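*Asks:*
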Ligand code: SIN
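Residue numbers (this note's numbering): 1 to 272.
See the structure below:
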């Protein structure tokens, strides 16, 4: 297989970075018709930018979305969020006048599972006339900006995550992950705590755990680490949960917004 840079050059993709921290918009790719070199190019882009918006995928069916997801690994069966009828691994993320609401808070998908998703993909089926973007924040950059003293303090710590926002019984099944993880593909370190699911840092008294987590939540989502994806009908947004947090922006009133999501599981537990 050719080198990623060579493939990117040959494919002549239109790649536009979204911010100085992370993210890129990509045109000129059809994810349902990618050969191995094309797949390697998309993989390289995701590793480089951490979150990419592949525009022009209007033709993708739910089966195509699953097939593309399966090229990256096993698919997550979330178990608690509404799915597209007939699929247990394709989530239907829909906001309409009857059921308004989006995943507004910052989070890393399903970090409450022992093996969480490494990659998530959102396929835009219906987008509001304006708004309804998804924000992304680089947890590489957030980690790298911490002082040496804070990095040293966080290095040996583990945190508990749970999915109580989906089912209160999940309080009793927390998953423990390092506060700082090493990305198994890039080798870079990233913060891995999020306001949606992380509950406490193990081994610290509650007051200290809460203070440190609150500091990290506000630090790791600063504007300087962010990029914003604006959807077009057919946009496929995908991101790497091992180094990115995301949040939906519910600024579109009662308009309909529908995205279909698949998430690809990590190959191993997040590790330091
Ligand atoms: C999600 O958290 O996966 C959904 C994000 C969004 O609706 O933009």
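All C-beta atoms in this analysis are idealised placements derived from N, C-alpha and C, irrespective of residue type, glycine included.
Keep in mind that this is a model prediction, so the values were computed, not measured.
1. Helix, strand or coil: how does DSSP classify residue 206 here?
2. Do residue 60 and residue 69 come within 8 Å of each other at the CB atom, strictly closer than that value?
3. Would you mind stating whether residue 197 and residue 111 have Cβ atoms separated by less than 8 Å?
4. As a quick check of your reading: which residues have a C-beta less than 7 Å from at least one non-hydrogen atom of the ligand SIN, in chain order?
5. Under a three-way DSSP split, which group does residue 190 fall into?
6. In angstroms, rounded to a whole number, what distance separates the CA positions of residue 256 and residue 107?
7. Measure how close the beta-carbons of residue 269 and residue 182 come, nearest whole angstrom, since I'm counting them as under 8 Å.
8. Measuring straight from C-alpha to C-alpha, what distance separates residue 8 and residue 38?
9. What span of residues does the beta strand (DSSP E) with residue 160 cover, start to end?
10. What are the start and end residues of the beta strand (DSSP E) that includes residue 198?
11. Give the secondary structure of residue 144 by DSSP, where H, G and I count as helix, E and B as strand, and everything else as coil.
12. Please classify residue 55: does DSSP put it in a helix, a strand, or coil?
13. In terms of residue numbering, what span does the beta strand (DSSP E) encompassing residue 15 cover?
14. Mapping DSSP to helix, strand and coil, what is residue 103?
15. Can you give me the C-alpha to C-alpha distance between residue 65 and residue 83, rounded to a whole angstrom?
16. Could you give the distance in angstroms between the alpha-carbon of residue 80 and the alpha-carbon of residue 6?
*Replies:* Taking the definition as stated:
1. As a first step, residue 206 must be located in the chain shown, where it is residue number 206. Looking at residue 206 - three-state DSSP - the assignment turns out to be helix.
2. Mapped onto the chain shown, residue 69 falls at position 69. Mapped onto the chain shown, residue 60 falls at position 60. Not a contact, by the Cβ cut-off of 8 Å.
3. Within the chain shown, the letter at position 197 stands for residue 197. Within the chain shown, the letter at position 111 stands for residue 111. Yes, they are a contact pair.
4. 93, 102, 103, 107, 109, 120, 122, 134, 246, 248, 259 and 261
5. Stepping through the chain shown from its first residue, residue 190 is reached at position 190. In the structure shown, residue 190 sits in a strand (DSSP, three-state: E or B).
6. Position 256 of the chain shown, counted from the first residue, corresponds to residue 256. Position 107 of the chain shown, counted from the first residue, corresponds to residue 107. One C-alpha to the other measures close to 23 Å.
7. Residue 269 sits at position 269 when you count from the first residue of the chain shown. Residue 182 sits at position 182 when you count from the first residue of the chain shown. Wrong, their Cβ atoms sit about 12 Å apart, outside the cutoff.
8. If you number the chain shown from 1, residue 8 lands on position 8. If you number the chain shown from 1, residue 38 lands on position 38. The alpha-carbon atoms of residue 8 and residue 38 are separated by roughly 8 Å.
9. Counting from one through the chain shown, the residue named residue 160 turns up at place 160. Residues 158–161.
10. For the purposes of this step, residue 198 is identified with residue 198 of the chain shown, where counting begins at 1. Looking at the DSSP string, the run of the beta strand (DSSP E) that includes residue 198 is 198–201.
11. Position 144 of the chain shown, counted from the first residue, corresponds to residue 144. Here residue 144 sits in helix by DSSP.
12. By 1-based counting over the chain shown, the position of residue 55 is 55. Three-state result, residue 55: coil.
13. The residue given as residue 15 occupies position 15 in the chain shown. Unbroken beta strand (DSSP E) run through residue 15: 14–17.
14. As a first step, residue 103 is located in the chain shown; it is residue number 103 there, counting from the start. Looking at residue 103 - three-state DSSP - the assignment turns out to be coil, as it is neither helix nor strand.
15. Indexing the chain shown from 1 puts residue 65 at position 65. Indexing the chain shown from 1 puts residue 83 at position 83. Spanning the two alpha carbons is a distance of roughly 14 Å.
16. Mapped onto the chain shown, residue 80 falls at position 80. Mapped onto the chain shown, residue 6 falls at position 6. Their backbone Cα atoms lie some 42 Å apart in a straight line.
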